[in-house]
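Below is one structure, written out as structure tokens, with a few remarks after it.
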Amino acid sequence: MPERPTFHRVIVAVDGSRHSDLALAVAIALAERDNARLAILTVIPNVSDSTAALAYGVPVDPIAMQFEADSGAERTMRKAIDAVPDEQPLDSVTRRGHAGPEIVAQVKEGRHDAVVLGARGLGRIGALFGSVSQYVLHHAGVAVFVAHAPED
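Residue numbers (our numbering): 4 to 155.
The following block contains the structure:
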């Protein structure tokens, strides 16, 4: 049997969904197990650069939608940071753009050796851009753990 892998830099992508909450719990446990540095990442979509506003078929204010996305990401990040034990080495990163490519870019830039993310739960804006977990699985080039929260 091969030796159990050890991870040194674990990154978790959070978006406030219950799948993301499970991913955070898994990432914390993984980082604690291996004495790894943990990074929490949230990606804010560029609402004005997308067709998200038009997808609803009703007039919307893209500036207000961007403010809502920014504020939501800030709350999500604060909640995630608060869930991490004080003794856990921690970084927090916020990126802007499409979640899949931004997660992969951060994995590579941060030289992470494991990424944990939720199976679903991209929110009403992010859901328009396709499967983030599938994108990360195919492009990250490191161990990818996808957390799927059980149905209630």
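The C-beta atom is built at its ideal place from N, Cα and C for all residues, glycine as well.
Rounded separation between residue i and residue j - CA only
i	j	result
Ala117	Val139	11 Å
Pro5	Ala146	15 Å
Ser134	Arg7	29 Å
His115	Pro153	27 Å
Asp37	Asp73	33 Å
Ser136	Val17	12 Å
Thr79	Gly19	5 Å
Glu105	Asp64	25 Å
Option nearest residue i by Cα separation, candidates the options
i	options	result
Phe70	Ala108, Ile14, Asn49, Lys111	Asn49
Val15	Val29, Arg21, Pro8	Val29
Ala143	Pro153, Ala150, Glu112	Glu112
Gln88	Ser20, Leu33, His11	Per the sequence shown, residue 88 should be read as Pro rather than Gln. Of the listed residues, the one whose Cα sits closest to Pro88 is Leu33.
Arg123	Met80, Ala150, Glu105, Ala39	Ala150
Thr9	Pro62, Glu35, Leu25	Glu35
CB of residue i within 8 Å of CB of residue j, strictly
i	j	result
Phe148	Val119	yes
Ile31	Gln91	yes
Ala76	Ile47	yes
Leu27	Ala83	yes
Gly121	Ser23	yes
Ala39	Arg12	yes
Do the stretch 33-51 and the stretch 90-99 make contact, defined as three or more Cβ pairs closer than 8 Å?
-> yes
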